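Participant: Pasting a structure here, questions to come.
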Amino acid sequence: MSRWAFERGDRVAVVDDVESEGHTYAQLAAHSNSVAARLQSMGIGRGDVVTVQMPNWYETVVLDLAVHLLGAVLNPVLPIYRAHELSNIVRTAGSRLIVSPAEYRNFDHRAMVAEVCAANPGTAQFVVERGDADTVFVHWPALDNLPDPDASAVCELIFSSGTESAPKAIMHTEQTLCAGTRMLTSGIGLSETDGVWMPSPIGHSTGLNYGVRVALLNGLTLTLQDRWDPADAVRLIERAKPSYTVAATTFLTDLLDAGESMGADLTSLRMFSCGGAPVPSVVVGRAADAGITVLRIYGSTEVLSATWNRPDSPLEKRLETEGPPLDGVELEVRDDDGAILVGEPGELFVRSPSCCVGFFSDEERTRATFSVDGWVRSGDLGVVDSDGYFTMVGRKKEIIIRGGLNITPREVEDLIVGMAHVREAVVVGIPDERLGEIGCACVVAEEGHEVTLADVVSYLRELGLAPFKLPERVLLVDALPRTATGKVQKFQLVERVLAKGRGHMQTGGRA
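In terms of our numbering, the sequence shown is residues 5 to 515.
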């Protein structure tokens, strides 16, 4: 950031609104330094965890940089999380400070964070009021005594839920994060003439590490979108002319629909990278007609950039695979005995300088995931072909990916079973044309009682569960299908849900 403030001080660093002229690298450097001074005056220093629950705003980028300037640990959190999730994260991370907007999308974040802080002694609150950045930030004195950077120290702590109900607290350093950014930059050929558009939340790994970091490390203009509106996306792209993004397929489909209806020119957006789900060939074709090359990718919060189709990858590879590994990344697909497979499905293992350094306060999980020679066990199933291209075929982890956001079924299940008249509950993912997957709660109710979708949603809302995690279907069953050893056979439940049909599921049919 300091380099670009000196060399490209007048270049726009961040645009976060259709009507905004944006803020330059010189402004970004000054504002983040001023905020760092303010945080330091509150007692924040090296190694302290700062939880930042902010939207895709310029202020968020300033705050993130301020945390890094102090040598503190950035803990980004999605703004759609509510007290239930935020409390768990703050307690696990031992956060010294929670940063949030006063209000966002008609929700009182100030009150929620105050409640969380009251329940976690030692955690302070910092509220951001939107306004003119020069007025808001510069009244704090500049910070002169910046700590010496330590590239090997943990600087980012991101929570990502897998198959277990307890979220994983993933630790990254500047070394791992910069390695991932540089490998990606080189792999897809980004240059100083490019720009980044990021509609994915920067409160999590995709938006933060594939968006903010890619832009700032390369001195590019970052265009943020704080809420998804396809028409606004079109206007932002036509105005700022970004060339690269990473987002869920849902965003791409909506963008193409809006672009066609508005007669827009989207040709500046050369590369649209998608991960987490296949991209229908018809969507790839529509994107090509709009001048956009779709790149399927594979990565995770643990390993960051792993495989990435290149703009010049053969069309059949871009349609059918997640691409080859980036330079510096090693892949192995292994069977259950550890034998390396080529052309056959197995579990993916990754070794890369971008891999995280472990899970915070969880040595057992760290030992189970990381080998002594640097290989990371992904928990995902896939195939590496003879050309080295990787295709994901399934997940050992049972997460549901809804519109690019991960839902841990166990977390939702554990809450539903607390409802009156519910004996057992299992949440499964079912296909959805727009979102990829949605959650369906399969419920065994007490005899003589019915449990509806409205009942489940109302109950979970009262518990403060984030809206995107709420089930969108309910299926009542007399008993859960199980193996001889008592394990629930979720695939059978998915088959029942699909057989029932969408309309009947809205009110909770019995099967």
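Glycine included, each C-beta is placed from N, C-alpha and C at the ideal position. None of the values given here were measured: they were computed from a predicted structure.
Can you list, in chain order, the stretches of the alpha helix (DSSP H) that have 4 or more residues and sit fully within the stretch 287-353?
Facilitator: Within the stretch 287-353, the complete alpha helix (DSSP H) runs of at least 4 residues are 319-324.
Participant: According to the Cβ coordinates, are Leu270 and Gly295 closer than 9 Å?
Facilitator: Result yes, Cβ atoms of Leu270 and Gly295 sit closer than 9 Å.
Participant: Pull the bridge partners of Ala173 from the DSSP assignment, please.
Facilitator: For Ala173, which the question treats as bridged, DSSP gives the partners Phe163.
Participant: Can you tell me whether DSSP reads Val200 as helix, strand or coil?
Facilitator: Three-state DSSP puts Val200 in a strand.
Participant: Does the structure place the stretch 80-100 close enough to the stretch 216-228 that three or more beta carbon pairs sit under 8 Å?
Facilitator: The stretch 216-228, when compared against the stretch 80-100, does not touch it at the 8 Å Cβ threshold.
Participant: Can you name the start and end residues of the beta strand (DSSP E) that Arg50 belongs to?
Facilitator: Where Arg50 is concerned, there is no enclosing beta strand (DSSP E), given that its DSSP letter is neither H nor E.
Participant: Specify the secondary structure class of Ser99 as computed by DSSP and reduced to three states.
Facilitator: Residue state, collapsed to three classes: coil.
Participant: Should Leu467 and Leu419 be called a contact, given that it needs their Cβ atoms to be closer than 9 Å?
Facilitator: Contact flag set, yes.
Participant: How would you write the range of the alpha helix (DSSP H) that Gly263 sits in, first residue to last?
Facilitator: Note, Gly263: alpha helix (DSSP H), Thr253 to Met266.
Participant: Name the residue from Arg114, Arg95 and Pro151 whose alpha carbon lies nearest to the alpha carbon of Gly126.
Facilitator: Selected option, being the one with the closest Cα: Arg95.
Participant: So what does Val388 bridge to, in DSSP terms?
Facilitator: Note: Val388 sits in a beta bridge opposite Phe394.
Participant: Go ahead and pull the three-state DSSP assignment for Asp436.
Facilitator: Here Asp436 sits in strand by DSSP.
Participant: On a CA-only basis, which of Ile434, Asp340 and Ala155 is nearest Ile411? Give me that one, please.
Facilitator: Nearest of Ile434, Asp340 and Ala155 to Ile411, Cα basis: Ile434.
Participant: For Met423 and Val432, I'd like the C-alpha separation in whole angstroms.
Facilitator: Roughly 18 Å between the two C-alpha positions.
Participant: What does a CB cutoff of less than 8 Å around Asn124 pick up in its chain, not counting 5 residues either side in sequence?
Facilitator: Once the five neighbours on either side are set aside, the close Cβ partners of Asn124 are Ser91, Val94, Arg95 and Ser99.
Participant: Report the residue from Leu43, Glu107, Thr64 and Val65 whose alpha carbon sits nearest the alpha carbon of Ala76.
Facilitator: Here the closest residue by C-alpha is Leu43.
Participant: Could you check what DSSP says for Thr64 in three-state terms: helix, strand or coil?
Facilitator: Correct three-state label for Thr64: helix.
Participant: My output table needs one value for Arg231: the three-state DSSP class, helix, strand or coil.
Facilitator: If DSSP states are grouped into helix, strand and coil, Arg231 belongs with coil.
Participant: At which residues does the beta strand (DSSP E) containing Pro80 begin and terminate?
Facilitator: Element bounds for Pro80: Val77 to Pro80.
Participant: Determine the closest residue to His208 out of Pro234, Lys245, Val250 and Leu256, with distance taken between C-alpha atoms.
Facilitator: When only C-alpha atoms are compared, the closest one is Val250.
Participant: Say whether the stretch 54-74 touches the stretch 327-342, bearing in mind that this needs 3 or more beta-carbon pairs closer than 8 Å, one atom from each stretch.
Facilitator: Counting Cβ pairs under 8 Å, fewer than three are found: no touch.
Participant: Report yes if the C-beta distance between Trp312 and Ile174 is below 9 Å; otherwise report no.
Facilitator: No. Outside cutoff.
Participant: So Cys278 and Arg314 are supposed to be a Cβ contact under 8 Å. How far apart are they, rounded?
Facilitator: In fact, because the Cβ distance is near 14 Å, the residues do not count as touching under 8 Å.
Participant: For Ser356, which three-state DSSP category applies?
Facilitator: Reduced to three states, the DSSP call for Ser356 is coil.
Participant: Please work out which residues of its chain come closer than 8 Å, Cβ to Cβ, to Gly378, disregarding the five sequence neighbours upstream and downstream, and give them in chain order.
Facilitator: Arg355 and Cys359.
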